[in-house]
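Asks: Have a look at the structure that comes next, please.
4 protein chains.
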Amino acid sequence: MTPSSASRYTYLGPEGTFTEAALRTLPEAATRDLVPMVSVPAAFDAVRNGEAGGSFAAIENSVEGGVSATLDELATGAPLMIYREVLLPISFALLVRPGTALGDVKTVTGHPVAQPQVRNWLAAHLPHAHWESAASNADGARLVQEGRYDGAFAGEFAAARYHLEPLVSEIHDTVNAQTRFVLVGQPGRPAAPTGADKTSAVVWLGDDRPGALLELLQEFSVRGVNLMRIESRPTGGGLGRYCFSIDAEGHITDRRVGDALMGLKRICPKVRFLGSYPRADEVRPQVRPGTTDAEFTEASEWLGRALDGRI
Amino acid sequence: MTPSSASRYTYLGPEGTFTEAALRTLPEAATRDLVPMVSVPAAFDAVRNGEAGGSFAAIENSVEGGVSATLDELATGAPLMIYREVLLPISFALLVRPGTALGDVKTVTGHPVAQPQVRNWLAAHLPHAHWESAASNADGARLVQEGRYDGAFAGEFAAARYHLEPLVSEIHDTVNAQTRFVLVGQPGRPAAPTGADKTSAVVWLGDDRPGALLELLQEFSVRGVNLMRIESRPTGGGLGRYCFSIDAEGHITDRRVGDALMGLKRICPKVRFLGSYPRADEVRPQVRPGTTDAEFTEASEWLGRALDGRI
Amino acid sequence: MTPSSASRYTYLGPEGTFTEAALRTLPEAATRDLVPMVSVPAAFDAVRNGEAGGSFAAIENSVEGGVSATLDELATGAPLMIYREVLLPISFALLVRPGTALGDVKTVTGHPVAQPQVRNWLAAHLPHAHWESAASNADGARLVQEGRYDGAFAGEFAAARYHLEPLVSEIHDTVNAQTRFVLVGQPGRPAAPTGADKTSAVVWLGDDRPGALLELLQEFSVRGVNLMRIESRPTGGGLGRYCFSIDAEGHITDRRVGDALMGLKRICPKVRFLGSYPRADEVRPQVRPGTTDAEFTEASEWLGRALDGRI
Amino acid sequence: MTPSSASRYTYLGPEGTFTEAALRTLPEAATRDLVPMVSVPAAFDAVRNGEAGGSFAAIENSVEGGVSATLDELATGAPLMIYREVLLPISFALLVRPGTALGDVKTVTGHPVAQPQVRNWLAAHLPHAHWESAASNADGARLVQEGRYDGAFAGEFAAARYHLEPLVSEIHDTVNAQTRFVLVGQPGRPAAPTGADKTSAVVWLGDDRPGALLELLQEFSVRGVNLMRIESRPTGGGLGRYCFSIDAEGHITDRRVGDALMGLKRICPKVRFLGSYPRADEVRPQVRPGTTDAEFTEASEWLGRALDGRI
């Protein structure tokens, strides 16, 4: 990777999306070359190919759920690792060409995932407006600029870029709607633990093993590791074949987490470690008695003594 | 509901989609009025409002995973129940205007979920073709008819409707790709058990209960009920708040299934029963010793005797 | 059973033992004919044969553990049920013939289970005294009366009967030593629940089923029923073949307890219900959310509605 | 320890018991000085004090269950370790003075644990004989020699020592009755694994932790380690306070066993390792996929690579 490619971060474009806004909250973004890409696979492949040092994409939305493209790109292809996460509250502005009044808005557009978040607002304020989906919120803004639609739901920050005005701001049917984004890079040593960390992995279960998911969860629970997210994804091997994308509390260097991951590795046909990184919410886990690093170390030493007969 | 509305089945349109093709595999479809709708919510609301007797939509795809719109519509709003499922193998045809040769195809379209299933084929046969997504596969066909694109990936059955020709057939990157569809209706008595049945439900877990998912699974495992699918969906209450959409082997009238559902009902803040219906694959479950209806009945009788001191 | 035999209670004799002392704490004992028997089997068989209305025996000691004879008699033969339990603090007196001084005591006796409870006291106060076991504490007292030994460890209440004197009282190496006794009778309807009840059972596990004990415990834990005691007993079928004698919190009429018992009945080759009866310590259990009778009833009603499609 | 004390093995005497017979099945017994002791504590204390190199005692009987004295001596006091186990089929002979006929036998004796194994035989053949318990089977033989009783139930091997004759042999109500004996020594490095090994430990559970036993079992089950025996013993801290004496399949050097022991060590207030030693029955365990040493090693290496980002 050249110095210039290392300083390049790709993201799911176009410019003006929430993804770009989230990416810009990273301090280092100021010194990076931020390059919009047409798809998550394209954005991530740039990292795989050494053309970029990192890539940034939404992975989960509190209204719409997991972002399949991101989850699937992380689960397959050359391995990547997550190094950072960003949470962004999602609210929309209705962007219009300057001079447009609310009563003039007959057609609106936006990314399909925007629709459920503005549906109620539309029903209340523009019940007769016709919705058509755009490829992205920013693309919707562009189409308004071009005159194809009267209004676009997008982040307020997108207005300037497309010479539009926010007619209404802070539109969000669901309070606390958030999107979670991740910064991925080529595999490397995880960031040092902060005490408020998260570990992500993808786990494949053996075929036709009823109870395999229960066993997976028990590898965590027996070591006091809480799961924060578990999402099934099809493996592509047919209906009923799933892998699970999981986020667990803690860092891979926490003994309880490393031990649980090794348990998964042993019982599952395939495990892909996706990284340990600081939690954006900075919440520190409650560690159950018996699962601290000190207790793991003490137990190892005890076993060592027992193996020597020094009990 | 009027007789005419009872005989109306809505589905996620437009005409010419895989959904319509799957719906037409139901024997009763021949005598129903099949009405395409613009969205899953619209299709299901027609049933809720009494304007249709049933509605049909994809719920899961072996490549793309759960269909969020369907899962979320079933989880929220006025209750509906699933009465039937249909499995449809998914393969695409490249539809073109008559006379188009492969070398003429510069732009292609299709539903976003079609893309990952034709990506490899495109890379191999049309590496320079430009893809743009359409709102549906059928919509893509229409856009080809209108001349906006050179080719559309859609079901071969859509060709005639849009005066197109299948240039290539049986395109599917993933062997065994299947989509599962469900027929929903207003809540009612489930169909009689066939011996090869499936039970669907949505289960909300209490907030901030680490281990709640494990407890959910144990309610099934302790009674020998296998889970066939489990999918997390956000509740809309913020990141980290999920409900789970599940399919379990067996029928609600199977004692082990009814008992497990009651267990969920007791430990979870909310459970929504979505129906028991015949499995499309007609696979009969292996019932673990100790979990047959006869054994449940025997245990009940034993308890009755013990309560009377007749041991 | 004749009226006179119904009013007869047998117990493990001879007279003057802790068993008799514990039995006399029952209010009804005042109006019963209390008959000492030579063995637990003999005492219990009198109930089985209709010669007695009840029988009383120790089942557990906080120092020595379970009383095998009682556990095994309850597990085999014609069924009996437990109707009452009594806790008796155990402390010993050193009984001697009148006029004996501590320095005169060269030989001491008592029941084998008394020895570990007086061992430290002996080492401190009579380090050179020779211990020989007697068939019972009372029998030891009789042997002192006959001059065979100089001192007997027994309950202080036994002194008068054998014309002995308590030379030292309140001897007990272990603070809080207690013995638990049970009153058994022919099977009948359990006493009404008091809110602080205990349920006893014997459970056989299938041969060669690793994990069968875990499954047994899960039938309780999944329904929030705490186990208070679990004791393995050989089945007589060879080493490695065990049954388990268990005490669970709650009454068989508590839905969570009845449900757990039915679970055992289904998964185990044999379950013997031994009764539900008031806890001597009158401690009321903490009932986990989701396991109250009201929640069981509510879940049943919910299932009933689901079966009818009234969701 | 002097060479002479190292070559001394104590056992629960007197001579002529099954314990001595079992001890003599050990090849090394031929070169050891076998010393009968009056009690299990005395026999084990000789090892603790360096007066003996080993001690031998029964720990479990397929009819009577665990031998409390042995279990409790292993659980408390200065630590000891088990190095060997011996299984001995138990059948009794009725030993009489020469010339005694069956019709002459009016009084019989034997160890209390012998009684349930000869009860049926007595009922059938000597229904009127009076039983009194002796301190040991060998002691009973001595009392017959002294003329106190007419017959003693003991091992046939005891006849010669007490100048008695076996009047009837092979008496055992229960087919396959066996006693398991253990050879204990001062703590030291366990014997090398044979592939058919057993690991013993005593585990204390935290007070008032409902579900603590379930957690204990899960530490084993999640790592595929089968429990062969689990026996509750009172801790002496009052009714309801137990520790558990357990035998698990496998050797402490098996990764799955060592890992499970460390899990116990972490979650339990106290664990005492009692040794890993060859199974007398030489049965090799079925090792569940995912729990072999190779898989543990592979998982450790995988974790090491993940910590370095080499995924």
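Residue numbers (the UniProt record's numbering), protein chains in the order written: chain A, 1 to 311; chain B, 1 to 311; chain C, 1 to 311; chain D, 1 to 311.
Note that beta-carbon positions come from the ideal geometry of N, C-alpha and C, so glycine has one too.
Could you check which residue in D:Y162, D:P269, D:S276 and D:D259 has the C-alpha nearest to that of E219 (chain D)?
Replies: Translated into the one-based positions of the fourth sequence, residue 219 (chain D) becomes position 219. Of D:Y162, D:P269, D:S276 and D:D259, the residue nearest in Cα terms is D:D259.
Asks: To test your reading of the DSSP string, which unbroken beta strand (DSSP E) runs of 3 or more residues are found completely within the region 111 to 152 of chain C?
Replies: Those beta strand (DSSP E) runs which fall completely within the region 111 to 152 of chain C and span 3+ residues are 130 to 133.
Asks: Using a C-beta cutoff of 9 Å, does D308 (chain C) count as contacting chain B?
Replies: The residue you call residue 308 (chain C) lines up with position 308 of the third sequence. Yes, D308 (chain C) counts as interfacial toward chain B.
Asks: Any idea what DSSP makes of D308 (chain C), helix, strand or coil?
Replies: One-based indexing of the third sequence puts residue 308 (chain C) at position 308. Coil, per DSSP.
Asks: What residues of chain D sit near Q218 (chain A), judged by a beta carbon separation below 9 Å?
Replies: Position 218 of the first sequence holds residue 218 (chain A). In chain order: Q218, S221 and V222.
Asks: For Q186 (chain A), would you say it is in contact with chain B, using Cβ-to-Cβ distances shorter than 9 Å as the test?
Replies: Against the first sequence, residue 186 (chain A) aligns to sequence position 186. False, the Cβ-Cβ gap to chain B never drops below 9 Å.
Asks: Do you know how far the Cα of A46 (chain A) is from the Cα of S55 (chain A)?
Replies: On the first sequence, position 55 is the one that residue 55 (chain A) refers to. On the first sequence, position 46 is the one that residue 46 (chain A) refers to. Each residue's Cα considered, the two are about 8 Å apart.
Asks: Count Cβ pairs between the region 136 to 156 of chain D and the region 78 to 86 of chain D that sit closer than 8 Å; are there 3 or more?
Replies: Segments in contact, no.
Asks: For the alpha helix (DSSP H) containing S232 (chain B), name the first residue and the last one.
Replies: Along the second sequence, one-based indexing puts residue 232 (chain B) at 232. Element bounds for S232 (chain B): not the alpha helix (DSSP H) but the beta strand (DSSP E), L227 to P234.
Asks: Span of the alpha helix (DSSP H) holding T19 (chain C)?
Replies: In the third sequence, counting from the first residue as 1, residue 19 (chain C) sits at position 19. F18 to L23 is the extent of the alpha helix (DSSP H) around T19 (chain C).
Asks: Under the rule that 16 or more other beta-carbon atoms within 10 Å means buried, what is H251 (chain A), buried or exposed?
Replies: For the purposes of this step, residue 251 (chain A) is taken as residue 251 along the first sequence, with counting starting at 1. With 16 or more Cβ atoms within 10 Å of its Cβ, H251 (chain A) is classed as buried.
Asks: Would you kindly work out how many angstroms separate the C-alpha atoms of M228 (chain A) and G66 (chain A), rounded to a whole number?
Replies: In the first sequence, counting from the first residue as 1, residue 228 (chain A) sits at position 228. In the first sequence, counting from the first residue as 1, residue 66 (chain A) sits at position 66. The alpha-carbon atoms of M228 (chain A) and G66 (chain A) are separated by roughly 13 Å.
Asks: What does the alpha-carbon distance come out to for the pair W302 (chain B) and F44 (chain C)?
Replies: Counting from 1 along the second sequence, the entry for residue 302 (chain B) is found at position 302. Counting from 1 along the third sequence, the entry for residue 44 (chain C) is found at position 44. Rounded to whole angstroms, W302 (chain B) to F44 (chain C) spans 24 Å at the Cα level.
Asks: Please classify A196 (chain D): does DSSP put it in a helix, a strand, or coil?
Replies: In the fourth sequence, residue 196 (chain D) corresponds to position 196, counting from 1. A196 (chain D): coil per DSSP, three-state reduction.
Asks: Just to make sure I have the definition right: I need the residues of chain D whose C-beta is within less than 9 Å of the C-beta of S300 (chain C). Which are they?
Replies: On the third sequence, residue 300 (chain C) is found 300 positions in, with the first residue counted as 1. Correct list: empty, because the minimum Cβ distance to chain D is about 25 Å.
Asks: May I have the straight-line CA-CA distance separating G275 (chain C) from S200 (chain C), to the nearest angstrom?
Replies: Taking the third sequence and counting its residues from 1, the one referred to as residue 275 (chain C) is at position 275. Taking the third sequence and counting its residues from 1, the one referred to as residue 200 (chain C) is at position 200. Each residue's alpha carbon lies about 6 Å from the other.
Asks: So I90 (chain C) and Q117 (chain C) are in contact, right, with Cβ under 8 Å, and what is the actual spacing, rounded?
Replies: As a position in the third sequence, residue 90 (chain C) is number 90, starting the count at 1. As a position in the third sequence, residue 117 (chain C) is number 117, starting the count at 1. Right, the Cβ-Cβ distance comes to about 7 Å (below 8 Å), so this counts as a contact.
Asks: Using 8 Å as the cut-off, can you tell me whether the region 5 to 13 of chain C makes contact with the region 275 to 285 of chain B, which would need three or more C-beta pairs spanning the two stretches below that distance?
Replies: Taking 8 Å as the limit for Cβ pairs, the verdict is that the region 275 to 285 of chain B does not touch the region 5 to 13 of chain C.
Asks: Decide if T297 (chain B) is buried, meaning its Cβ has at least 16 other Cβ atoms within 10 Å, or exposed.
Replies: For the purposes of this step, residue 297 (chain B) is identified with residue 297 of the second sequence, where counting begins at 1. Burial call: exposed.
Asks: Cα separation between G236 (chain B) and R305 (chain A)?
Replies: Counted from its first residue, the second sequence places residue 236 (chain B) at position 236. Counted from its first residue, the first sequence places residue 305 (chain A) at position 305. About 52 Å.
Asks: Per DSSP, what are the beta-bridge partners of E28 (chain C) in this structure?
Replies: The count along the third sequence starts at 1 and reaches residue 28 (chain C) at position 28. None, per the DSSP bridge assignment.
Asks: Can you name the residues of chain D whose CB is closer than 8 Å to the CB of A135 (chain C)?
Replies: Counting from 1 along the third sequence, the entry for residue 135 (chain C) is found at position 135. Per Cβ cutoff of 8 Å: E132 and S133.
Asks: If you compare alpha carbons, which of B:V271, B:A58 and B:F92 is closest to S68 (chain B)?
Replies: Walking along the second sequence from the start, residue 68 (chain B) turns up at place 68. The shortest C-alpha separation from S68 (chain B) is found at B:A58.
Asks: Kindly say whether V63 (chain A), judged by its beta-carbon, lies nearer than 9 Å to any beta-carbon of chain G.
Replies: No chain G appears in this structure, whose protein chains are A, B, C and D.
Asks: Between V202 (chain B) and the rest of its own chain, which residues show a CB-CB distance below 6 Å, the 5 nearest in sequence each way excluded?
Replies: Within the second sequence, numbered from 1, the residue matching residue 202 (chain B) stands at position 202. Answer for V202 (chain B): A75, C243, S245 and R272, listed in chain order.
Asks: Which residues in the same chain have their Cβ closer than 6 Å to the Cβ of R32 (chain D), if we skip the five residues on either side of it in sequence?
Replies: Counting from one through the fourth sequence, the residue named residue 32 (chain D) turns up at place 32. Contacts found: S7 and Y9.
Asks: What's the gap between the Cα of K265 (chain B) and the Cα of E295 (chain C)?
Replies: Within the second sequence, numbered from 1, the residue matching residue 265 (chain B) stands at position 265. Within the third sequence, numbered from 1, the residue matching residue 295 (chain C) stands at position 295. Cα-Cα distance, rounded: 8 Å.
Asks: Along chain A, in chain order, which residues have C-beta atoms closer than 8 Å to that of G211 (chain B)?
Replies: For this step, residue 211 (chain B) is matched to residue 211 along the second sequence. Those are S221 and N226, listed as they occur along chain A.
Asks: Measure the C-alpha to C-alpha separation of G16 (chain B) and Y162 (chain B) and round it to an integer number of angstroms.
Replies: For the purposes of this step, residue 16 (chain B) is taken as the residue at position 16 of the second sequence. For the purposes of this step, residue 162 (chain B) is taken as the residue at position 162 of the second sequence. Cα-Cα distance, rounded: 9 Å.
Asks: Contact check, A154 (chain A) vs N137 (chain A) under 8 Å by CB: the rounded distance?
Replies: As a position in the first sequence, residue 154 (chain A) is number 154, starting the count at 1. As a position in the first sequence, residue 137 (chain A) is number 137, starting the count at 1. A154 (chain A) to N137 (chain A), Cβ: 4 Å. Contact.
Asks: Could you compute how far the alpha carbon of R241 (chain C) sits from the alpha carbon of N61 (chain D)?
Replies: Along the third sequence, read from residue 1 onward, the residue named residue 241 (chain C) stands at position 241. Along the fourth sequence, read from residue 1 onward, the residue named residue 61 (chain D) stands at position 61. So the two alpha carbons sit approximately 11 Å from each other.
Asks: Could you give the distance in angstroms between the alpha-carbon of G224 (chain D) and the alpha-carbon of A248 (chain D)?
Replies: Taking the first residue of the fourth sequence as position 1, residue 224 (chain D) is located at position 224. Taking the first residue of the fourth sequence as position 1, residue 248 (chain D) is located at position 248. Taking the straight line from one Cα to the other gives about 11 Å.
Asks: Rounded to whole angstroms, how far is the Cβ of V105 (chain D) from the Cβ of A129 (chain D), which I believe are closer than 8 Å?
Replies: As a working mapping, residue 105 (chain D) is identified with position 105 in the fourth sequence. As a working mapping, residue 129 (chain D) is identified with position 129 in the fourth sequence. Confirmed, Cβ separation roughly 6 Å.
Asks: Could you tell me whether the Cβ of S276 (chain D) comes closer than 9 Å to any Cβ of chain C?
Replies: For the purposes of this step, residue 276 (chain D) is identified with residue 276 of the fourth sequence, where counting begins at 1. Not closer than 9 Å to any Cβ of chain C, the Cβ of S276 (chain D) fails to qualify, so no.
Asks: Please decide whether A177 (chain C) counts as near chain D, where near means a Cβ-Cβ distance under 9 Å.
Replies: Taking the first residue of the third sequence as position 1, residue 177 (chain C) is located at position 177. Yes, because at least one Cβ of chain D sits closer than 9 Å to the Cβ of A177 (chain C).
Asks: Can you name, in chain order, every residue of its own chain whose Cβ lies under 6 Å from the Cβ of residue 369 (chain A), other than the five neighbours on each side?
Replies: Outside the shown range of chain A, which is 1 to 311, sits residue 369 (chain A), and nothing can be said about it.
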